[in-house]
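Quick notes on the structure that follows.
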Amino acid sequence: MREIVFKKQFKKDVERIKRTGRPMDRLAEAIDLLAESKPLPPINRDHQLVGNMKDYRECHLGGDWLLIYQATEETVTFIRTGTHTELFD
Numbered sequence: 219m220r221e222i223v224f225k226k227q228f229k230k231d232v233e234r235i236k237r238t239g240r241p242m243d244r245l246a247e248a249i250d251l252l253a254e255s256k257p258l259p260p261i262n263r264d265h266q267l268v269g270n271m272k273d274y275r276e277c278h279l280g281g282d283w284l285l286i287y288q289a290t291e292e293t294v295t296f297i298r299t300g301t302h303t304e305l306f307d
């Protein structure tokens, strides 16, 4: 099992998302799968980012809810979570 690292901004994002009433079980499921080095289901549309974020991956947790993370053999680091607008604008 990979070591799980939560960036400070990710923790802030999670607190903000909790207040919106989004189903947090989707986030927990993705975290568990990634920590266990298991692939995410195709519905999550997991993919590598490009440009200045090329070292990160992004997956969809539902609608416009995204999760940005970085995974190595030993660790999975959760960078940000939120909507496209919150993360990229």
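In this text, residue positions in the sequence shown follow the working numbering: the first is 219, and each later residue adds one. We put the beta carbon where it would ideally sit given N, CA and C, even for glycine. The structure presented is a predicted model; accordingly, all values stated were derived computationally and were not measured.
| Would you report the Cα separation of residue 240 and residue 291, rounded to the nearest angstrom? | In the sequence shown, counting from the first residue as 1, residue 240 sits at position 22. In the sequence shown, counting from the first residue as 1, residue 291 sits at position 73. Distance between the alpha carbons of residue 240 and residue 291 is about 30 Å.
| message | If the criterion is Cβ atoms closer than 8 Å, does the pair residue 252 and residue 287 meet it? | response | Taking the first residue of the sequence shown as 1, we reach residue 252 at position 34. Taking the first residue of the sequence shown as 1, we reach residue 287 at position 69. Taking 8 Å as the Cβ cut-off, residue 252 and residue 287 qualify as a contacting pair.
| Smallest Cα separation from residue 321: which of 279, 266, 220 and 234? | Residue 321 is absent from the model: the chain starts at 219 and stops at 307.
| field | Collapsed DSSP secondary structure at residue 298 in the structure displayed | value | Looking up residue 298 in the sequence shown gives position 80. Strand.
| message | Can you list, in chain order, the residues of its chain with a C-beta nearer than 8 Å to that of residue 236? Leave out the 5 residues immediately preceding and following it. | response | Sequence index remark: in the sequence shown, residue 236 carries index 18 (1-based). Same-chain partners within the cutoff: 242.
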